[in-house]
Amino acid sequence: MPVNNRDIVRVFSKIADLLEIKDANPFRVRAYREAAHTINGLSESVARLIEEGEDLSGLPGIGKDLAGKIKTIVKTGSHPLLKDLKQEVPGELSDLMKIKGIGPRKVSSLYEELEIKNRRQLEKAAEKHRIRELEGFGPKTERNILEQIKRREKEHERLKRADAEKIIEPFIRYLRKEGKLESLQIAGSFRRKKETVGDVDILAAGHRGCQIMDRFTGYEDVKEVLSSGDTRSSVILKSGLQVDLRVVPQAGFGAALHYFTGSQAHTVAIRKIAVKKNYKLNEYGGYRKNKRVFGRTEREVYDKLGMNYIEPELRENRGEIDAARTDNLPDLVKVDDIRGDLHVHTDATDGRHSMEDMVKAARKKGYKYVAISDHSRNVTVAGGLGPKELEEQLDRIDRLQERTDGIRILKSAEVDILEDGTLDLPDGILKKLDFTICSVHYHFDLSRKKQTERVLKAMDNRYMNILGHASGRLIHKRPPMELDMEKLMKAAADRRIHFEINSHPDRLDLNDRHCRMGKELGIKMAVTTDAHITGSLDLMRFGVDQARRGWLEAEDIINTRPWKNLKSQFER
DNA sequence: GCCGTTTTCGGCCCGACTGTTTTCAGTCG
């Protein structure tokens, strides 16, 4: 079983947790965390990099020692240091740190004083009120622990950003009604356009007498006020979403926005650069000798630190800072660059609206083309089309095109990739299409090897043009398939096959890292909505967000091109 | 454990809030 990047991240994170519980040198702990973060952000497989003789100590936060440890992990699946640590402190302790308000010091004291190793033991001790007797703990901490354990994961699950958006927009509208408000903006992972968000961070600046904090905690949808101060408050809404508000002076709003947008790794890296340039950078601004010298806008922050402005989607400390310093940032794709949707269903299969309606809606969006790509016969739950029915649909497309101006209707189909890797429709009909999207809809649980071979085999069919929702994941519902994505992408590059970036908020498939990996491996991608109703054509922006997080530019996306150019992308 | 146009040793981002304190450690972001 090959060791993947995820495994290395797990080992390093665990080492960091256990070292921290043991009260080791905090900078050593951080070194492991930063290394884990670096690996987590890589698009290539570390195992393969090592195989190719790459020197890992060139990676940020990874020196000679950790490069050696990575080699060991790749070879053996773990590392002796982790085993040694587990001899000293139980490995399960790191799980306790996930409870909010419980950090390494408290975990350590729980273990030392009461021999508590896991949530179950912790719950029992809390119920017997033994926690409050410990030094540093009290009744409130004890109650907090009990509540969190009982509430469990469900409520703490990260929310899909599209869902969080629906909850937060009315809240923002409400907050903006505070008359003395000067600025208000959402920051955090929401602004970085992550596919899911843990909480929502809002930043505000007000004129004298601004009552924004009271307005915030007084919102009718607030279920619980977690904390409240003059400059910072946190609430839980009835939906379970946590929202934080920070109030800062307008003069430092840019610095604050930068800081609260994160990611933390990005912010820390930027602050280090500030220190080197003899500034002190915090959420109130950039200071020299206790005097604020910049920070009104984010652009000013980046400018003073000698780099280009970095779009929020890139702020993950995955190389964007170096790129910004050397003028090598990508010119990220925008929603307006998209000229058409290449994945649209109709009521001929499981769509709700007719072909006419879908085409009309696409034209209204200003698209130059839209592809009708209904399911093939094997997807019976959707009423997939067989060759004859598809043939009839193609005729209907011709007839609709005759009476439709201003938009080209492309002939496509979402062809199921069968378990053995063959396509669900015969070549005879596929060659009549402008292009195909081929996707997996069944048998998600094959082994990594078999699943990869299955898709590779499909790619050998010369009528395959786009691989649809490659991982098959549904966020929170179905994990991604086991696949050697790197292998697939390399094969796709050789065969002029493109990958779909499916914009549906449940899918967002490819994920951001795979987007970037695709670019690096030389494939092109198509951002599509997979719309089943006209309204879903508007989901395109979520796919574009994902593409932006993957560093993609307009030229990496085939449906930013005019039809003439797009057409040539389907020649194999 | 990493890192270096002030350093191969001695630094390592920085501030707010809570709960526990009696002046602050721990936790969080």
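Whatever position you read off the first sequence (first residue = 1), add 1346 for our numbering.
We put the CB at the ideal spot given by N, CA and C, even for glycine.
**OP:** State buried or exposed for Pro1450, treating a residue as buried only when at least 16 other CB atoms are found within 10 Å of its CB.
**Re:** On the first sequence, residue 1450 is found 104 positions in, with the first residue counted as 1. Counting Cβ neighbours within 10 Å, Pro1450 comes out buried, since at least 16 surround it.
Original post:
Any idea what DSSP makes of Cys1784, helix, strand or coil?
Top reply: Within the first sequence, residue 1784 is the residue found at index 438, counting from 1. Cys1784 falls in the strand class under three-state DSSP.
**OP:** Report yes or no: do the region 1619-1626 and the region 1675-1695 share at least 3 C-beta pairs separated by less than 8 Å?
**Re:** Note that the region 1619-1626 does not touch the region 1675-1695; fewer than 3 beta-carbon pairs, one per stretch, sit closer than 8 Å.
Subject >> Selected residue, minimal CA-CA separation from Asp1441, among Leu1364, Glu1459 and Phe1845 >> reply: On the first sequence, residue 1441 is found 95 positions in, with the first residue counted as 1. Measuring from the Cα of Asp1441, the nearest candidate turns out to be Leu1364.
Subject >> Ile1783 to Val1873 span [Cα, whole Å] >> reply: As a working mapping, residue 1783 is identified with position 437 in the first sequence. As a working mapping, residue 1873 is identified with position 527 in the first sequence. So the alpha carbons of these two residues sit roughly 12 Å apart.
Subject >> Nearest candidate by alpha-carbon position, reference Phe1888, set Asp1855, Lys1870 and Ile1869 >> reply: Walking along the first sequence from the start, residue 1888 turns up at place 542. When only C-alpha atoms are compared, the closest one is Asp1855.
**OP:** Give me the Cα-Cα distance between Glu1501 and Gly1586, rounded to the nearest whole angstrom.
**Re:** The residue given as residue 1501 occupies position 155 in the first sequence. The residue given as residue 1586 occupies position 240 in the first sequence. For Glu1501, the predicted structure reports a pLDDT of 49, less than 50, and the residue's modelled location is therefore unreliable. A value from the coordinates is still provided. Between Glu1501 and Gly1586, the C-alpha separation is close to 6 Å.
Subject >> Within 9 Å, strictly: CB atoms of Val1589 and Ile1667 >> reply: Residue mapping note: residue 1589 aligns to position 243 of the first sequence, counting from 1. Residue mapping note: residue 1667 aligns to position 321 of the first sequence, counting from 1. In this structure, Ile1667 does not lie closer than 9 Å to Val1589 by Cβ.
Original post:
Hey, how far is the Cα of Pro1595 from the Cα of Gly1632?
Top reply: Looking up residue 1595 in the first sequence gives position 249. Looking up residue 1632 in the first sequence gives position 286. Answer to the nearest angstrom: the Cα atoms are 13 Å apart.
Original post:
Where do the N-terminal and C-terminal ends of the alpha helix (DSSP H) with Asn1351 fall, by residue?
Top reply: In the first sequence, the residue the question calls residue 1351 occupies position 5. Start and end: Asn1351 to Ile1367.
**OP:** Give the secondary structure of Lys1637 by DSSP, where H, G and I count as helix, E and B as strand, and everything else as coil.
**Re:** The sequence position of residue 1637 within the first sequence is 291, counting from 1. Strand, per DSSP.
**OP:** Take Thr1875 as the anchor and find which of Met1653, Thr1798, Ala1900 and Gly1697 has the nearest alpha-carbon.
**Re:** Translated into positions along the first sequence, residue 1875 becomes position 529. Ranking Met1653, Thr1798, Ala1900 and Gly1697 by CA distance to the CA of Thr1875 puts Gly1697 first.
Original post:
Can you tell me the Cα-Cα spacing of Met1827 and Leu1834, whole angstroms?
Top reply: In the first sequence, residue 1827 corresponds to position 481, counting from 1. In the first sequence, residue 1834 corresponds to position 488, counting from 1. If I take the Cα positions, the gap works out to 13 Å.
Subject >> Residues that Asp1547 bridges to, as DSSP identifies them >> reply: Indexing the first sequence from 1 puts residue 1547 at position 201. Beta-bridge pairing links Asp1547 to Asp1590.
**OP:** Please name the residue in Lys1714, Gly1729 and Asn1724 whose C-alpha comes closest to that of Gln1747.
**Re:** Position 401 of the first sequence, counting from 1, holds the residue named residue 1747. When only C-alpha atoms are compared, the closest one is Lys1714.
Subject >> Cα-Cα separation, Ser1580 to Arg1561 >> reply: Reading the first sequence from its first residue, position 234 is the one you call residue 1580. Reading the first sequence from its first residue, position 215 is the one you call residue 1561. So the alpha carbons of these two residues sit roughly 13 Å apart.
Original post:
If you drop the 5 nearest sequence neighbours on each side, which residues of the same chain put their C-beta closer than 6 Å to that of Asp1547?
Top reply: As a working note, residue 1547 is residue 201 in the first sequence. Around Asp1547: Ala1533, Gly1534, Asp1590 and Phe1606.
**OP:** Could you pull out every residue in the same chain whose Cβ sits closer than 7 Å to the Cβ of Gly1652, ignoring the five residues on either side in sequence?
**Re:** Position 306 of the first sequence, counted from the start, is the residue given in the question as residue 1652. The answer, listed in chain order, is Arg1671.
Original post:
Quick one: what does DSSP say Lys1777 is sitting in, helix, strand or coil?
Top reply: Here residue 1777 refers to the residue found at position 431 when the first sequence is read from its first residue. In the structure shown, the three-state DSSP call for Lys1777 is coil.
**OP:** Starting from the N-terminal side, write out each stretch of the beta strand (DSSP E) that is 3 residues or longer and does not extend beyond the region 1713-1752.
**Re:** With a minimum length of 3 residues, the continuous beta strand (DSSP E) runs that stay inside the region 1713-1752 are 1715-1721.
**OP:** Could you name the residues that DSSP lists as bridge partners for Arg1754?
**Re:** Position 408 of the first sequence, counting from 1, holds the residue named residue 1754. The bridge partners DSSP lists for Arg1754 are Tyr1715.
Original post:
In three-state DSSP terms, what is Asp1770?
Top reply: On the first sequence, position 424 is the one that residue 1770 refers to. Here Asp1770 sits in coil by DSSP.
Original post:
Using 8 Å as the threshold, is the region 1756-1766 in touch with the region 1794-1813, meaning 3 or more CB pairs across them?
Top reply: Touching, per the Cβ criterion.
Subject >> Beta-carbon spacing of Gly1414, His1383 below 9 Å >> reply: One-based indexing of the first sequence puts residue 1414 at position 68. One-based indexing of the first sequence puts residue 1383 at position 37. Inclusion of Gly1414 and His1383 in the CB contact set at 9 Å is not warranted, their separation being larger than that value.
**OP:** Would you list the residues sitting across from Met1871 in a DSSP beta bridge?
**Re:** Within the first sequence, numbered from 1, the residue matching residue 1871 stands at position 525. For Met1871, DSSP records a beta bridge to Phe1845 and Ile1903.
**OP:** Output the boundary residues of the beta strand (DSSP E) element that contains His1860.
**Re:** Translated into the one-based positions of the first sequence, residue 1860 becomes position 514. That residue, His1860, is in no beta strand (DSSP E); its alpha helix (DSSP H) goes Asp1858 to Glu1866.
**OP:** Return the Cβ separation of Arg1754 and Thr1906 in integer angstroms, given the expectation that the two are a contact with Cβ distance under 8 Å.
**Re:** Counted from its first residue, the first sequence places residue 1754 at position 408. Counted from its first residue, the first sequence places residue 1906 at position 560. Cβ atoms of Arg1754 and Thr1906 stay farther apart than 8 Å, at about 15 Å.
**OP:** Tell me where the beta strand (DSSP E) around Gly1686 begins and ends.
**Re:** The count along the first sequence starts at 1 and reaches residue 1686 at position 340. Residues Gly1686 to Val1690.
**OP:** Excluding the 5 residues preceding and the 5 following Asn1654 in the sequence, name in chain order all residues of the same chain whose CB lies nearer than 7 Å to its CB.
**Re:** Here residue 1654 corresponds to residue number 308 of the first sequence, with the count starting at 1. In the same chain as Asn1654, and ignoring 5 residues on each side of it, the C-beta atoms closer than 7 Å to its own belong to Tyr1648, Ala1670, Asp1673 and Leu1675, in chain order.
**OP:** Could you give the DSSP three-state label for Asp1920: helix, strand or coil?
**Re:** As displayed, the chain neither begins before 1347 nor continues past 1918, which places residue 1920 out of reach and without an answer.
Original post:
Are at least three pairs of beta-carbons, each pair with one atom in the region 1844-1860 and one in the region 1798-1807, less than 8 Å apart?
Top reply: These segments do not touch.
**OP:** Grab the span of the alpha helix (DSSP H) containing Val1420 for me, first residue to last.
**Re:** The residue given as residue 1420 occupies position 74 in the first sequence. Where Val1420 is concerned, the enclosing alpha helix (DSSP H) stretches over Lys1410 to Thr1422.
**OP:** Determine the closest residue to Ile1361 out of Pro1426, Glu1398, Asn1351 and Leu1388, with distance taken between C-alpha atoms.
**Re:** In the first sequence, counting from the first residue as 1, residue 1361 sits at position 15. Nearest option by C-alpha distance: Pro1426.
Subject >> Residue interval of the beta strand (DSSP E) (run including Arg1578) >> reply: Here residue 1578 corresponds to residue number 232 of the first sequence, with the count starting at 1. First-last of the beta strand (DSSP E) with Arg1578: Arg1578 to Leu1583.
**OP:** To the nearest angstrom, report how far apart Thr1542 and Gly1774 are at their CA atoms.
**Re:** Residue numbering aside, residue 1542 sits at position 196 when the first sequence is read from its first letter. Residue numbering aside, residue 1774 sits at position 428 when the first sequence is read from its first letter. Rounded to whole angstroms, Thr1542 to Gly1774 spans 42 Å at the Cα level.
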